[in-house]
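Comments concern the structure below.
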Amino acid sequence: MEKNKVFRALADPSRRKLLDILRVDNGQTLGELSEPLDMTRQAVAKHLRLLEAANLVVTVWRGREKLHYLNPVPIHEIYERWIGKFERSRLQALYDLKEELEKDYEK
């Protein structure tokens, strides 16, 4: 699988939002995915095609419905290659600090 496609797909905030939605509730139709987003079904379909091309989303037909599922394998491969080599406890501490600072900023 081409890693550049994965990085390009993850670079867009709308596509990351779609992946977040599928992470919470996997196996949704185009209509279901379009509801919480401020974009047309056509725009969502275009983003989904790019996510499918990067193998971040896989689809399964159930009757006439096309269900979209998150495929975490490419993200895990990136993690193993680029992040896994670092000490996880340091990264967790940085992540925790980031989350705490963002909470303070939102208040």
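Just so you know, the sequence shown maps onto residues -12 to 94 in this note's numbering. Ideal Cβ placement from N, Cα and C applies to all residues, glycine included.
For residue 89 and residue 63, the rounded distance between their alpha carbons: One C-alpha to the other measures close to 25 Å.
Helix or strand or just coil, what does DSSP make of residue 67? In the structure shown, residue 67 sits in a helix (DSSP, three-state: H, G or I).
Using DSSP with H/G/I as helix, E/B as strand and the rest coil, what is residue 22? Reduced to three states, the DSSP call for residue 22 is coil.
Where does residue 57 fall in DSSP's three states? Correct three-state label for residue 57: strand.
Would you be able to state if there are at least three C-beta pairs under 8 Å between the region 30 to 41 and the region -8 to 1? Touching, yes, given that three or more Cβ pairs across the two stretches are closer than 8 Å.
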